[in-house]
Amino acid sequence: MDLISIIFIAFGLAMDAFAVSITSGLTIKHLRINNALKIAIFFGSFQVIMPLIGWSAGLSFRNYISDIDHWIAFGLLSLIGCKMIYESSKIEINKKKIDPLNVYVLLMLSIATSIDALAVGLSLSFLNLSIVLPAIIIGIITFLLSIFGVYFGNRFGHYFERKIEIIGGLILIGIGIRILIDHLT
């Protein structure tokens with residue numbers, strides 16, 4: 001897989017964290033840099049860890065499914081993309097009751113926004129690709145987009161949060177189609 005594809009995957013995966021960062025930014029009244037950094041560190045770290053876990057799990061049974069691995073990668077990426085598009089209509093954080101800077105809340109949001117990265121790590125193991133560079137790129141892009149998302153959300157978030165999930169979903173579906181076409185031709 002080339003670097004451009006990895007970057008597109010990273011942006012697609014980062015859209016969940018970006019959308020939640022925008023929503024978090026909406027709820028923070030007096031935004032400071034350490035608030036944005038705290039959110040971004042949680043989201044970026046989990047986006048590095050989860051693909052590593054998925055990739056490691058995939059290695060254990062990759063040999064058994066090598067004939068259909070491209071179909072599995074296509075299916076997982078398409079499923080994740082469709083799920084993101086479907087859930088774009090459900091993005092809600094109760095602005096009065098949830099503190100986006102609470103460590104427990106950040107932990108839960110980090111896990112929730114990185115489940116897709118776990119599946120992508122699994123997919124990359126089926127394609128016999130190294131996970132180190134993709135995991136680092138996914139984490140860095142998620143970190144940067146999360147910082148931007150918190151600030152953006154604090155200023156303008158109520159206009160765009162649902163559209164971002166749709167874009168991320170479409171990116172992942174497109175990459176899944178590309179993987180399938182590459183293996184079928």
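Each residue of the sequence shown is one higher than the one before, starting from 1 at the first, in this note's numbering. Glycine residues also receive a C-beta, built at the ideal position from the N, C-alpha and C atoms. Since the structure is predicted, the reported quantities are computational estimates derived from the model, not experimental observations.
Check whether residue i and residue j have beta carbons under 8 Å apart
{"i": "Ser-125", "j": "Arg-62", "result": "yes"}
{"i": "Ala-73", "j": "Gly-174", "result": "no"}
{"i": "Gly-44", "j": "Gly-121", "result": "no"}
{"i": "Ala-14", "j": "Thr-142", "result": "yes"}
{"i": "Ser-21", "j": "Ser-146", "result": "yes"}
{"i": "Cys-81", "j": "Leu-170", "result": "Note on identity: in this sequence residue 81 is Gly, with Cys being the wrong assignment. Going by C-beta atoms, Gly-81 is nearer than 8 Å to Leu-170."}
{"i": "Leu-172", "j": "Leu-77", "result": "yes"}
{"i": "Phe-152", "j": "Ser-110", "result": "no"}
{"i": "Ile-131", "j": "Ala-117", "result": "no"}
{"i": "Ile-115", "j": "Ile-166", "result": "no"}
{"i": "Arg-162", "j": "Ser-89", "result": "yes"}
C-alpha distance - residue i paired with residue j, whole-angstrom precision
{"i": "Lys-95", "j": "Leu-26", "result": "Any reading at Lys-95 is ruled out, since the residue's pLDDT is 44, under 50, leaving its predicted position unreliable."}
{"i": "Ile-7", "j": "Asn-102", "result": "30 Å"}
{"i": "His-70", "j": "Gly-54", "result": "16 Å"}
{"i": "Phe-11", "j": "Asp-67", "result": "28 Å"}
{"i": "Phe-18", "j": "Ile-33", "result": "16 Å"}
{"i": "Tyr-133", "j": "Ile-9", "result": "Contrary to the premise, residue 133 reads as Leu rather than Tyr in this sequence. Going by the C-alpha atoms only, they are around 12 Å apart."}
{"i": "Lys-38", "j": "Asn-128", "result": "34 Å"}
{"i": "Ile-181", "j": "Ser-123", "result": "15 Å"}
{"i": "Gly-31", "j": "Val-150", "result": "First, the residue type needs correcting, since residue 31 is Leu and not Gly in the sequence shown. Distance between the alpha carbons of Leu-31 and Val-150: 9 Å."}
Residues near residue i by beta carbon distance below 7 Å, same chain, minus five either side
{"i": "Asp-99", "result": "Val-105"}
{"i": "Ala-135", "result": "Val-48, Pro-51 and Leu-52"}
6 Å Cβ shell around residue i - same chain, five flanking residues per side excluded
{"i": "Leu-3", "result": "none"}
{"i": "Gly-75", "result": "none"}
Neighbourhood of residue i by C-beta, 8 Å cutoff - its chain only, sequence neighbours within 5 removed
{"i": "Ile-65", "result": "Ile-72 and Phe-126"}
{"i": "Ile-28", "result": "Asn-35, Pro-100, Leu-101, Val-150 and Asn-154"}
Exercise for review: Counting only runs of 3+ residues fully inside the segment 72-137, write out the beta strand (DSSP E) ranges in chain order.
Suggested key: none
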